[in-house]
Each structure stands twice: as C-alpha cells, then as structure tokens.
Amino acid sequence: MVNVALSIAGSEASGGAGAQTDIKTFHQLGTFGATALTCIVSFDPKNDWGHRFVPVEPQVIADQIEAATAVHDIDTVKIGMLGTPATIETVAEALKAGNFKNVVVDPVLICKGQEAGAALDTDNALKEKVLPYATVITPNVFEASALSGVEVTDLDSLKEAAKVIHERSGAAVVAKGGAVLPGDQAIDVLYDGEEYTEYASPKIGERYVSGAGCTLAAAITAELAKGASVRDAVAVAKRVVTSAIENRVTPHTPFDEVYQGEYRG
Ligand code: PXL
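When we follow this note's numbering, the leftmost residue of the sequence shown carries the number 31, and every step to the right adds one.
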C-alpha cells in the first residue's frame, strides 16, 4: 500500500516552491501527496518578482486538514510556509489534535515582499506554537540564526545553532548550510540530540535556486512516511535535492527553480 504524506504549505503558482514542490517530491519518492494550502504566493513580474502573499482563512485551512486526514490514514506531515500568526495558531491546533508520528517543520520565516516586522511575529509564534510538535526541523542559515540566537557564519556555529534548537524543541534538527556558508561544499548537519551527521555535496552553479529547502524537507517527509530513520531519510533527501538542483530549470526570473523529475534513487 502506498504511504500518504500531507503537506501543509503555501501555493507558489510558478511551481518552483511550496506545496507544488512538496507533492512533486512526494511522488518522486513513491508516496501519495495530500495538501492543505495555507497561503497563495504569486510572484509579481511587474515588481522585481516580489511575492504577492494572500493568507487562506484559518477555518479553510482547518477544513483542508480535516478533509485530508479523514480521507487517508496520515501519520507523517510536512509544515512549510505558514506566514501569519493566525495560520500558525490554526496549524498548531491541528497538530495537537492529529497526534502525528512524524512532523517535519521547514521553518519558512519570511518570503520576499513580506514586511520584516511580520518575520518577527511569525518567528515568535512558530517557536512557541509549532516547534513543540516538530519531530524534525529544517532551518537554513537565516532561520537557524533566528531560532537559536546563535549567529551562524560557519560549520561550527551551524552545529551550535542546531544544538540550541534541538534543546528548545526536542526535535531532530537538520541545519542547512547549503550554498550560503564559505567553502566549495554545500554542507547540511543533522543533530538528533546524541550526535552530529554531516551531509556534503559540491556546490552547484552560481545562481540562487528556489525550492531547494522545500525539496529537502519534502524528501525527508516522504522517506519518514515510508518508515525510514531520520538519518537515512536525510541521506536520501540530500541526494534528491542535489539532483533537483543539478536538473534545475532556468526560467524568466533572476533565480532558477528546482526540478525533481530526474532523480532515479
Ligand atoms: O522556498 C520557500 C517558499 C516556501 N513556500 C512558498 C514560497 C516559497 C518561496 O517562494 O512561495 C509558498
């Protein structure tokens, strides 16, 4: 029987990030993807590709989660962009009620076009309301710094931030150095409360690739839905995201977008 994974995330209409990326990744790894949309993001070609961001009504988000979990047996959930404190509140209630085995939280704090002030509100609400339900958290360098208070500038500070976030949440933390930290390797670190595991691959290309973080977290989610351990799930996910970056599409934007369709396991 095929395992079902639920993505609670935003729609990104161009298909390069958010819920669209999540379902593509779920299917690439042989799971069945369900979605509950939290917001609608539309890049604005007339305004430097800024993100037009429209939150979905909290009740509609709750309805979608109710529908997906009533239709399927779902024990594995991925949380992507939430975007507002009201959405965070609604999703936290659903996580409490759902009692899911695996809750992978990609702590997307802000998207281009949102006010910086909104990031702080979202950051605090996410820390307080959602992280306690997480079993895996996947911050990038910016999010790891914001959630831990550690200024992340290199691999050592990335590891320190991962440890602080683990101590606050109890979750396994996959801190993504990605292409941001110095050096020619893209290094991500898992801290599970006992040990660190490093996942490295050579950096690829010069341009920012949208959707890499979504792909990594979605691939971890799919592998957990199939019963993998966190350590093995992250190893597969690193290969999936590397393939998605290698096979990226180059659209009309100043950034590229991931493509998961070439991964062959
Ligand atoms: O890649 C982060 C991200 C997540 N979710 C949505 C997005 C983006 C970035 O554009 O639009 C909906």
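For each residue, glycine too, the CB sits at the ideal point set by N, CA and C.
Please read these numbers as outputs of a predicted model, since none were measured by experiment.
- When C-alpha distances from E158 are compared across V121, L188, I250 and T65, the shortest belongs to V121.
- DSSP places P212 outside both helix and strand once states are collapsed to three, so it counts as coil.
- For F56, the enclosing alpha helix (DSSP H) has its first and last residue at G48 to Q58.
- Sorting V194, A64 and V84 by C-alpha distance to the C-alpha of T99 places A64 at the top.
- DSSP places P115 in the uninterrupted alpha helix (DSSP H) bounded by P115 to G128.
- For G223 and E197, the gap between their C-alpha atoms comes out near 8 Å.
- Cβ atoms of A191 and T165 stay farther apart than 8 Å, at about 18 Å.
- Around the CB of R82, fewer than 16 other CB atoms lie within 10 Å, so the residue is classed as exposed.
- Looking from the CA of K256, the closest CA among Q50, T106, S37 and V90 belongs to T106.
- A straight line joining the alpha-carbon of E276 with that of G80 spans about 25 Å.
- Here the alpha carbon of A263 sits roughly 20 Å from the alpha carbon of A174.
- The Cβ atoms of A49 and P88 do not sit closer than 8 Å to each other.
- Under DSSP, V279 takes part in a beta bridge, and its partners are E287.
- S178: member of the alpha helix (DSSP H) spanning V171 to S178, first to last residue.
- Within a 10 Å sphere around the beta-carbon of A43 sit fewer than 16 other beta-carbons, which makes this residue exposed.
- Between T61 and M111, the C-beta spacing is not below 8 Å.
- Here the alpha carbon of P169 sits roughly 18 Å from the alpha carbon of L254.
- Checking the 7 Å criterion, the Cβ of H81 is within range of a heavy atom belonging to the ligand PXL.
- The Cβ atoms of L188 and L211 sit closer than 8 Å to each other.
- A176 has its alpha-carbon roughly 27 Å from the corresponding atom of N77.
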